[in-house]
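Numbering (numbering that gives the first Met the number 0), first residue to last: 0 to 110. Note that CB positions come from ideal geometry on N, CA and C, so glycine has one too.
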Amino acid sequence: MNILFINSDFAMHEEFNEFSHTIHATNFFSNSTEESIRLLNEQQIDTVIIKINKLSDISVLKYINDYFKNIKVLISARQDFAEALTIFNQLNFEKIKNPMGLAELKGHLIP
0 MNILFINSDF
10 AMHEEFNEFS
20 HTIHATNFFS
30 NSTEESIRLL
40 NEQQIDTVII
50 KINKLSDISV
60 LKYINDYFKN
70 IKVLISARQD
80 FAEALTIFNQ
90 LNFEKIKNPM
100 GLAELKGHLI
110 P
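Below, the structure written as structure tokens:
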């Protein structure tokens with residue numbers, strides 16, 4: 000099993016490595032979107048554990064969803080991000096582009 004840790008706390012790496020050794024897994028660590036994508040493409044990653052620190056970290060999740068649907072993903076996030084994810088999963092909504100134009104707004108409001 001190969002595990003990719005994204006944005007993990009450096010102080011936890013040794014502890015993660017010790018645990019992974021007990022389950023015969025290999026760890027990979029990344030702190031950037033570019034490095035994460037490179038590792039996803041070069042290694043056969045089974046599980047991604049990502050700590051969401053900023054909104055741009057979500058781009059890695061989109062990449063995984065688009066190209067690696069079989070990878071198990073565990074997300075650790077600040078409380079505000081976790082709440083936002085929960086709310087988005089519960090809402091029935093349509094996404095419109097930003098900035099929003101009148102033509103697009105009309106397209107969503109007038110059948």
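Grouping DSSP H, G and I as helix and E and B as strand, with all else coil, what is residue i?
i	result
Ile44	coil
Leu73	strand
Asn1	strand
Lys68	coil
Phe92	coil
From residue i to residue j, what distance separates their C-alpha atoms?
i	j	result
Arg77	Ile51	7 Å
Asp56	Ile63	12 Å
Leu90	Phe15	35 Å
Phe27	Asn88	29 Å
Lys105	Met99	10 Å
Ile48	Val72	6 Å
Met11	Ile36	22 Å
Ala83	Ile22	33 Å
What whole-angstrom Cβ distance do residue i and residue j have, given they're in contact under 8 Å?
i	j	result
Thr85	Ser58	No, Thr85 and Ser58 are not in contact; Cβ-Cβ is about 20 Å, not under 8 Å.
Ile74	Asp45	Not a contact, Cβ separation roughly 16 Å.
Ser29	Leu3	7 Å
Lys96	Glu103	6 Å
Out of the options, point me to the one whose CA is closest to residue i's CA.
i	options	result
Asp92	His107, Glu14, Thr25	The residue you asked about is not Asp; residue 92 is Phe in the sequence shown. If we check each option's Cα against that of Phe92, His107 comes out closest.
Ser19	Lys71, Met0, Ala10	Met0
Glu34	Phe87, Ala81, Ile5	Ile5
Asp65	Phe80, Lys53, Pro110, Asn40	Asn40
Lys68	Ile22, Ala83, Gln43	Gln43
Leu54	Leu38, Val72, Phe80, Ile36	Phe80
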